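Participant: Residue numbers (UniProt numbering), protein chains in the order written: chain A, 1 to 320; chain B, 1 to 320. Quick reminder that beta carbons are idealized off the backbone N, C-alpha and C, glycines included. Values in this document were obtained by computation on a predicted structure and should not be read as measured data. Pasting a structure here, questions to come.
Right, dumping it as structure tokens:
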């Protein structure tokens, strides 16, 4: 929850000159997103989200993120649609920061999801993968194998502060994943961060996907593995195989997995668990006490990682 | 800026059962207000503000605050209108806190106001005073003379930490105000906190007054004196007499001040400056370092107080 940059109506009206967005009636900072500053604008025509990109987002990646949202929305995926400026650009500058106007998407994220929601999610994810197929900008996944090694190099020496034995366990895990990581699975644009707070529902119906600021090119099945971690563990740490089955069935109802993807799923889930473990561990070790950000427990993802290590085949995720 | 209480869609839908507000489509925490938690809701019928009252607001005062907004809105004052529940109550309970649904008011507060805005403000303030005349709930001003003495008792011993000589200066000031404070000026419901961030404009037109959570019964001219302090000093500390004249002329175009009010204006302005000095001083001395709240400088209001002390008559505020 954050508004990092405050804006005033004079600067905002000036910024809006470049858009055909109507007359500004109100704007309010909203307490969502931890990477950027977000405002809800009302004009006499429609509500809009104004996003100011703070330093954790690389401006060079904005054509990918914003272009992808436009590409997906044009293909019927319900996601935020950037409003182009009169000169065609998808973002401008406000208060010295890159800033974009984006359509307001109705819906709420589920604090308590059920299997039926996971089924909806799986189908929406597969539709997104298919719609992203012909998007022509590429962005490497900075948080795949190479990124994990970099993060681990910065954290390994202090890992045993968090739990004794961690340094050896994760070093071994990383070596195994480097050795066995797949090389020939179907690739494409993935969301890479499809946690519950990035999926909106109205009632039980999925109304949209948001926050494409980790999207990149990678194995499509890796995106599904991220959702297995983000959606299918209960608060007590138990893996809910009913949700996992619904998620995968929903996905396959739109895009069937091939044999190699199915075989790789447990390994992809280990990698995905390691990825979130490593970023959380790094933040845990480097975020000062008393900072405004809520630190997330890395050990949650260590438990998920250990679970997937025990999985012998994708059948244990409910695949029939 | 704050959202103190997080809510989820299950609790919120349950809360909305008691209202005829349509189907919930989205809700977002907004970064406004320092006393309460505020959310912007969209239903299929209209946008709404949901306010959860945190502990600094006394639940016993809610019938006054919410009833006043309803009373004023019914008399044509543009202010947030509480949506009554089906049982007629103006607030319910959500997450263990009193909570109200209030109409969304379009408009933006001015970061840079001009004399013409002060004129609009003066007229709106006078209209509010007249509309509040027959409101039948009373609330004493907890931050008048008696409240100032209480605050000063808690801060006096440490005041010289902020500026040497303050203890003597404020003790003398308080004694003088206790001695000379008016007793027979026209009274009524005052807003008591009409700073720029509580006054919305669309373009140059005043679109509404918000945040009635300091409203109370007191001298009407005291409300005008609060606005003199809140609107008519420039960032460098200079008193802008053009703004003051416009503010008072705007007020008198709707409700002319009587001779006693005009004579009392410099003293009321001293009292008002002291009131904000004392609350800021208390917060300054008691808010822990590193707290989320931005501490406001009490010395700003000491300078205002000293200015008003030098004023011989209301003519110096631009009154003709």
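If I follow the unbroken alpha helix (DSSP H) through residue 54(B), where does it start and stop?
Facilitator: From DSSP, residue 54(B) is part of no alpha helix (DSSP H); its letter is neither H nor E.
Participant: Reducing DSSP to helix, strand and coil, say where residue 79(B) ends up.
Facilitator: Correct three-state label for residue 79(B): coil.
Participant: List the residues of chain A that residue 30(B) touches, going by C-beta distances under 9 Å, in chain order.
Facilitator: Neighbours of residue 30(B) on chain A, chain order: 28, 29, 30, 31, 40.
Participant: Can you check whether the CB of residue 76(A) is closer than 8 Å to the CB of residue 132(A)?
Facilitator: Against a cut-off of 8 Å, the Cβ pair of residue 76(A) and residue 132(A) comes out as no contact.
Participant: Since residue 78(B) and residue 105(B) should fall inside the 8 Å C-beta cutoff, what is the C-beta to C-beta distance between them, to a whole number of angstroms?
Facilitator: Contact flag correct, Cβ pair sits at about 7 Å.
Participant: List the endpoints of the continuous beta strand (DSSP E) containing residue 93(A).
Facilitator: Run containing residue 93(A): 92 to 94, per the beta strand (DSSP E) assignment.
Participant: At a CB-CB cut-off below 9 Å, which residues of chain A make contact with residue 202(B)?
Facilitator: Simply 23, 24, 25, 26.
Participant: Do you know how far the Cα of residue 307(B) is from the Cα of residue 316(B)?
Facilitator: Looking at the two C-alpha atoms, the distance is approximately 11 Å.
Participant: Beta-carbon within less than 6 Å of residue 314(B)'s beta-carbon, same chain only, minus the 5 sequence neighbours each way: which residues are those?
Facilitator: These residues qualify, in order along the chain: 262, 265.
Participant: Buried or exposed for residue 137(B), please, with buried defined as at least 16 other CB atoms from any protein chain shown within 10 angstroms of its CB.
Facilitator: Answer is exposed; the Cβ neighbour count stays below 16.
Participant: Report yes if the CB atom of residue 278(A) is closer than 8 Å to the CB atom of residue 148(A), and no otherwise.
Facilitator: Yes, the pair counts as a contact, with Cβ atoms nearer than the cut-off.
Participant: Is residue 122(A) helix, strand or coil by DSSP?
Facilitator: Helix, per DSSP.
Participant: Taking all protein chains shown into account, do 16 or more other C-beta atoms lie within 10 angstroms of the C-beta of residue 312(A), making it buried, or fewer, making it exposed?
Facilitator: The residue is exposed, with fewer than 16 neighbouring Cβ atoms inside 10 Å.
Participant: List, in chain order, every chain B residue whose beta-carbon is nearer than 7 Å to that of residue 8(A).
Facilitator: Neighbours of residue 8(A) on chain B, chain order: 111.
Participant: Find the residues of chain A that neighbour residue 108(B), judging by a C-beta separation of less than 7 Å, and give them in chain order.
Facilitator: The contacting residues are 9, 26, 27.
Participant: Would you check if there are 3 or more beta carbon pairs closer than 8 Å linking the region 117 to 127 of chain B to the region 241 to 256 of chain B?
Facilitator: The region 117 to 127 of chain B, when compared against the region 241 to 256 of chain B, does touch it at the 8 Å Cβ threshold.
Participant: Does the region 54 to 73 of chain B come within contact of the region 54 to 64 of chain A, defined as at least 3 CB pairs closer than 8 Å?
Facilitator: Too few Cβ pairs lie closer than 8 Å, so no.
Participant: Roughly how many angstroms separate the alpha carbons of residue 87(A) and residue 21(A), rounded to a whole number?
Facilitator: Their backbone Cα atoms lie some 13 Å apart in a straight line.
Participant: I need the DSSP call for residue 114(B), collapsed to helix, strand or coil.
Facilitator: Coil at residue 114(B), not helix or strand.
Participant: Within 10 Å of its beta-carbon, does residue 238(B) have 16 or more other beta-carbons around it, so buried, or fewer, so exposed?
Facilitator: Exposed: under 16 other Cβ atoms inside 10 Å.
Participant: Should residue 212(B) and residue 50(B) be called a contact, given that it needs their Cβ atoms to be closer than 8 Å?
Facilitator: No, the Cβ-Cβ distance between residue 212(B) and residue 50(B) is not below 8 Å.
Participant: Which residue wins for smallest C-alpha separation from residue 243(B), given the options 112(B), 154(B), 26(B)?
Facilitator: If we check each option's Cα against that of residue 243(B), 112(B) comes out closest.
Participant: Mind checking which residues open and close the beta strand (DSSP E) that includes residue 7(B)?
Facilitator: Note, residue 7(B): premise wrong, no beta strand (DSSP E); not H, not E.
Participant: So within the region 129 to 213 of chain B, which uninterrupted alpha helix (DSSP H) runs reach at least 4 residues, ignoring any that extend past its ends?
Facilitator: Listed in chain order, they are 145 to 155, 159 to 162, 166 to 180.
Participant: Based on DSSP bridge pairs, tell me the residues matched to residue 29(B).
Facilitator: Bridge partners of residue 29(B): 39(B).
Participant: Leaving out five residues before and five after residue 35(A) in sequence, what residues of the same chain have Cβ atoms less than 7 Å from its Cβ?
Facilitator: Result list for residue 35(A): 54, 56, 57, 213, in chain order.
Participant: In whole angstroms, give me the CA-to-CA distance for residue 170(B) and residue 225(B).
Facilitator: Cα-Cα distance, rounded: 19 Å.
Participant: Around the C-beta of residue 247(A), are 16 or more other C-beta atoms found within 10 angstroms, so that it is buried, or is it exposed?
Facilitator: Result: buried.
Participant: Is residue 181(B) near residue 151(B), with beta carbons less than 8 Å apart?
Facilitator: Against a cut-off of 8 Å, the Cβ pair of residue 151(B) and residue 181(B) comes out as no contact.
Participant: Span of the alpha helix (DSSP H) holding residue 62(A)?
Facilitator: Unbroken alpha helix (DSSP H) run through residue 62(A): 62 to 74.
Participant: Would residue 221(B) and residue 192(B) qualify as a contact pair, given that the criterion is a beta-carbon distance under 8 Å?
Facilitator: Not in contact: residue 221(B) and residue 192(B) (Cβ atoms no closer than 8 Å).
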